[in-house]
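Heads up, the final residue of the sequence shown is numbered 666 in my numbering, and it's a clean run with no missing numbers.
Ideal Cβ placement from N, Cα and C applies to all residues, glycine included.
Report on the structure given below.
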Amino acid sequence: MCSSDLFTYLIPKKGLVTGTLQTYAQDGGLRTGETGVGIEGYPWRGRYWDIRAGDFRLDTKLVAQPFSNLYSPNLLLRGVEVTSRHEGTSYSAYFGRLLLFSGPRIPFVVASPQWSMGIVANRKITDKLQVAGTVQRLWGDASQAPIGATLSENARFQSSSKLQSSISYNLTDHLKFYGEGAVSSASSTGATLSTTAGAAWETERFAVRGNFTRQTASYLPVVGYFAGDRKGTFGEVKYRPFKRLELYTSTSSYENNLEHVSTIPYLTSKGQSEGGSLLLPFGFNASAQYS
376 MCSSDLFTYL IPKKGLVTGT LQTYAQDGGL RTGETGVGIE GYPWRGRYWD IRAGDFRLDT
436 KLVAQPFSNL YSPNLLLRGV EVTSRHEGTS YSAYFGRLLL FSGPRIPFVV ASPQWSMGIV
496 ANRKITDKLQ VAGTVQRLWG DASQAPIGAT LSENARFQSS SKLQSSISYN LTDHLKFYGE
556 GAVSSASSTG ATLSTTAGAA WETERFAVRG NFTRQTASYL PVVGYFAGDR KGTFGEVKYR
616 PFKRLELYTS TSSYENNLEH VSTIPYLTSK GQSEGGSLLL PFGFNASAQY S
């Protein structure tokens, strides 16, 4: 059994007030889903403010990027988030406990052993250039994570910190560049550097994308969403000879254990796939892939 209560109320010249309450009854107990209250677009001192208390989403993708191999999870936290916006610039500060989704059919949330706090700044300088940066702090005993949401041994830090910056630049309508740099450290390691650089050429019929990424174990050691401890290259090509047919091929090469931890196996992987999809009449779709 699931119930949801959502209200949205517009206060003239003050902003949009929202509230969400999700509950899930199971085996005589009560589980909760995303729950919280907030106000969006409150005008104060020449800026618009968004305030959320309860559960809120934290997008770890700071700027737009066109690559399918870069994992930037949308985290769920229970705490408070405040965002200030004005003419293409935004600043956010947040604090909360990380949450994980669970449940056989209807998702409810369970508390993670980790907490996080941070600041995010985002600036759209022109229609073509966007820059962003964040300072993030994580702490908590990852070994106490729920079953199925554990971290690898070399990412079970008691605490970690990260300073990250990202940039996205569209040189033309078709040619795009993306770059990212992060310095992170953890309770059991020194400072490490993570970098990503890539470019993409995209038209209506043809697209080619490629990037190099290096992410250390302390890049994003979040229970249930771990991103990091890999280095390698990725490339893909897509071609649409006509509107209903798309053909594609991709290749990748990665290695792990960048810190050379003796108890962690060193692995390499190489992958290649080809395939296509065809849009059929009446909304049906046929696809095939070989890897």
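Backbone secondary structure at residue i - three-state DSSP
i: ASN529; result: helix
i: GLN489; result: strand
i: GLN440; result: coil
i: PRO596; result: coil
i: PHE552; result: strand
i: PRO418; result: strand
i: PRO616; result: strand
i: ALA520; result: coil
i: GLY515; result: coil
i: PHE587; result: strand
i: GLY646; result: strand
i: PHE601; result: coil
i: GLY429; result: strand
i: GLY408; result: coil
i: PHE659; result: coil
i: TYR641; result: coil
i: LEU504; result: strand
i: LEU445; result: coil
i: SER535; result: strand
i: SER559; result: strand
i: VAL636; result: coil
i: ASN545; result: strand
Residue i burial status per 10 Å Cβ neighbour count (16 or more: buried)
i: THR458; result: buried
i: ASP604; result: buried
i: LYS537; result: buried
i: SER637; result: exposed
i: GLU456; result: buried
i: TYR399; result: buried
i: GLN519; result: exposed
i: GLN664; result: exposed
i: LYS388; result: exposed
i: GLU528; result: exposed
i: LEU513; result: buried
i: LEU655; result: exposed
i: ASN631; result: buried
i: SER662; result: exposed
i: GLU409; result: buried
Cβ distance (whole Å) where residue i is taken to contact residue j below 8 Å
i: THR464; j: ARG498; result: 5 Å
i: PHE532; j: THR407; result: Actually they do not touch by this definition, with Cβ atoms about 28 Å apart.
i: SER325; j: GLY610; result: There is no way to answer for residue 325, as the model of the chain reaches only from 376 to 666.
i: GLY390; j: GLY416; result: 4 Å
i: LEU381; j: THR395; result: 5 Å
i: PHE601; j: ALA530; result: 6 Å
i: SER535; j: PRO441; result: In fact, because the Cβ distance is near 28 Å, the residues do not count as touching under 8 Å.
i: SER559; j: THR591; result: 6 Å
i: LYS436; j: SER443; result: Going by Cβ atoms, the distance from LYS436 to SER443 rounds to 12 Å, so no, they are not a contact pair.
i: TYR614; j: GLY650; result: That belief does not hold up - the Cβ atoms of TYR614 and GLY650 are roughly 12 Å apart, past 8 Å.
Under 9 Å between C-beta atoms of residue i and residue j
i: GLN505; j: GLY493; result: no
i: PHE587; j: THR570; result: yes
i: SER644; j: TYR629; result: yes
i: ASP425; j: ARG453; result: no
i: SER541; j: GLY554; result: yes
i: SER487; j: GLY508; result: no
i: LEU433; j: ASN449; result: yes
i: ALA574; j: LEU550; result: yes
i: SER666; j: LEU620; result: no
i: VAL438; j: SER543; result: yes
i: GLN539; j: ALA557; result: yes
Checklist entry - Fully enclosed by the segment 449 to 487, which beta strand (DSSP E) runs are 3 residues long or longer? => result Counting only runs of 3 or more, we get 449 to 461, 464 to 477.
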